[in-house]
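Below is one structure; the comments refer to it alone.
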Amino acid sequence: MTTITPTEPSAPTSEVKLPYTVTLIPGDGIGPEVTNATVEILEATGIPFVWDLQEAGADVIPLYGTPLPDQVVNAIVKSRIALKGPIATPVGGGFTSVNVTLRQRLGLYANVRPARSLPGVKTPFSGVDIVVVRENSEDLYSGIEHVVVPGVVESLKIITEKASSRIARHAFDYARLHERKKVVAVHKANIMKLSDGLFLECCKRAARDYPEIEYSEMIVDNCCMQLVTKPQQFDVMVMENLYGDIISDLASGLVGGLGVTGSANIGDDVAVYEAVHGSAPDIAGKGVANPTALVMSGIMMLRSLGEMEAGMRVEKALYKVFTNGKHFTRDLGGTATTAEFVKAVIAAME
Ligand code: NAI
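Residue numbers (the numbering used here): 8 to 357.
Next up, the structure:
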């Protein structure tokens, strides 16, 4: 019996037996392409997986009347671990984001997004190694909006002590586990004195229990400027939901874009590993999508299962392919198809 250990990142400590049953949600657009690619690479490690295929998104509405059928949520609750492709969300109307609903229904309170410079991927900076820990459950994403009078809309920002302390501890636990040196809390408490003030107070309090980790605070606008001028100064960053949404994408941009950064959504009982990019309808079905983001998420998943060696093998293989530079997909300036990229990664695996 293997236990999910809090290795990468602080994941549920529930027991998951070999072979690992993982709920697999291919999603929309390029979702099935990057999901298949990731499954192929993870299976090449020799670790036995059972993939429990579940469909969600606009395509299942005619069948189930909802883009997120109960059986999908139940399957994740049962397996406790899921690998998920992107799911399209209609803009300005239509159904609520499946991604947001999934996070709410499964209590996935922490979004962990590492962004690290990759060999061979040309960006303005080198030596970037940032982990954004984003509070996933509240803030302006609570979805509480109403029309006060015609022409005036109110959208409520909810910040609680419970969720703020929980995410602050998650960030410090992550830092401790990974022998990271610094945690910075990002905020706008100079303007939102009560809400962001409370968040900051919770971070400050948590910091006292981790004396070996250097703690600092930074106002979000200055933080954006610092990120695009001297990103190497950042280590672990913790923040509320909206700032985290924006800054984690910014951090991805520093290391090559959304196609190369992984993500984990962590709750007390379940974890969902997903690509951070969207369904990329412009390239869907063409076989040219870059699967690296979901493969990175797959590496995080392997580590959360305690499969450190397999995680390392996949990571090293990816790095080899990037260093070699012959199999970049189009988004990174190459001409390789998804299939060619996958083949190169598997061939590079030791
Ligand atoms: P997007 O990330 O799908 O695409 C932005 C640009 O990046 C496009 O040019 C696309 O071709 C490129 N791109 C993205 N991923 C790529 C990959 N793996 N390989 C190569 N190129 C890639 O963002 P967009 O267009 O804003 O969103 C499209 C849909 O995806 C929307 O419905 C949105 O709601 C949804 N979405 C879903 C997410 C999720 O499920 N976690 C996250 C973000 C967006």
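Yeah, the Cβ is synthetic: ideal placement off N, Cα and C, and Gly gets one too.
Tell me the DSSP bridge mates of residue i?
i: arginine 141; result: Asn118, Met246
i: glutamate 152; result: Ser162
i: isoleucine 226; result: His194
i: isoleucine 32; result: Lys91
i: glutamate 62; result: Glutamate 62 is not bridged to any residue.
i: phenylalanine 56; result: Tyr27
i: arginine 337; result: According to DSSP, which records beta bridges pairwise, arginine 337 is partnered with nothing at all.
i: arginine 123; result: Asp136
i: lysine 189; result: Glu221
i: asparagine 272; result: Asn118, Val279
i: aspartate 146; result: Ile165
i: alanine 343; result: Thr336
Check whether chain D comes within 8 Å of residue i, counting only Cβ atoms and requiring the distance to be less than that.
i: histidine 284; result: Judged by its chain identifiers, the structure shown contains no chain D, having just a single protein chain.
Could you name the residues of the same chain whose beta carbon sits closer than 7 Å to that of residue i, not counting the 5 residues immediately before and after it, in chain order?
i: alanine 317; result: Thr52, Ile54, Leu309
i: proline 74; result: Ala63, Gly64, Ala65, Val67, Ile68, Phe102, Val105
i: isoleucine 290; result: Ile37, Ala296
i: threonine 108; result: Leu75
i: leucine 325; result: Thr299, Val302, Val352
i: cysteine 209; result: Glu168, Ser171, Ser172, Ala175
Quick one: Cα of residue i to Cα of residue j, how far?
i: alanine 117; j: valine 140; result: 7 Å
i: threonine 12; j: glycine 313; result: Here threonine 12 scores only 37 on pLDDT, less than 50, and its place in the model should not be relied on; the value that follows carries that caveat. Rounded to the nearest angstrom, the two C-alpha atoms are 6 Å apart.
i: lysine 350; j: aspartate 180; result: 36 Å
i: serine 171; j: glutamate 142; result: 7 Å
i: proline 76; j: isoleucine 220; result: 42 Å
i: glutamate 322; j: proline 157; result: 53 Å
i: histidine 153; j: asparagine 197; result: 26 Å
i: alanine 346; j: proline 39; result: 13 Å
i: valine 84; j: aspartate 276; result: 8 Å
i: tyrosine 217; j: arginine 183; result: 8 Å
i: threonine 268; j: alanine 287; result: 15 Å
i: aspartate 136; j: glycine 72; result: 43 Å
i: isoleucine 94; j: valine 79; result: 13 Å
i: serine 255; j: lysine 24; result: 32 Å
Apart from the five residues on each side of it in sequence, which residues of its chain come closer than 8 Å, Cβ to Cβ, to residue i?
i: valine 57; result: Pro26, Tyr27, Thr28, Val29
i: valine 328; result: His334, Phe348, Ala351, Val352, Ala355
i: arginine 320; result: Thr52, Met356, Glu357
Assuming residue i contacts residue j under a Cβ cut-off of 8 Å, what Cβ separation, rounded to an integer in Å, is found between them?
i: serine 144; j: arginine 110; result: 7 Å
i: isoleucine 226; j: lysine 189; result: Incorrect: roughly 17 Å between the Cβ atoms, too far for contact.
i: arginine 187; j: valine 243; result: 5 Å
i: tyrosine 250; j: valine 159; result: About 25 Å; that fails the 8 Å criterion.
i: serine 270; j: arginine 112; result: Contact doesn't hold; Cβ gap of about 18 Å is too wide.
Determine the burial state of residue i: buried for a count of at least 16 other Cβ atoms within 10 Å of its Cβ, exposed for fewer.
i: serine 223; result: exposed
i: glutamate 168; result: exposed
i: glycine 340; result: exposed
i: serine 133; result: exposed
i: methionine 307; result: buried
i: glutamate 247; result: buried
i: asparagine 272; result: buried
i: asparagine 81; result: exposed
i: leucine 201; result: exposed
i: isoleucine 151; result: exposed
i: alanine 252; result: Position check: residue 252 holds aspartate in this sequence, whereas alanine was assumed. By the 10 Å Cβ count, aspartate 252 comes out buried.
i: valine 262; result: buried
i: aspartate 146; result: buried
i: threonine 9; result: Because the pLDDT at threonine 9 is just 34, under 50, the model does not fix this residue reliably, and the value given afterwards should be weighed accordingly. With fewer than 16 other Cβ atoms within 10 Å, it is exposed.
i: alanine 292; result: Note that residue 292 is glycine in the sequence shown here, rather than alanine. Burial call: exposed.
i: valine 283; result: buried
So, for residue i: in the same chain, excluding its five sequence neighbours on each side, which residues have a beta-carbon less than 6 Å away from its beta-carbon?
i: lysine 91; result: Ile32, Val279, Glu281
i: isoleucine 88; result: Val29, Ala278
i: valine 302; result: Thr45, Ile48
i: leucine 60; result: Leu31
i: threonine 96; result: Ser104
i: phenylalanine 241; result: Ile137
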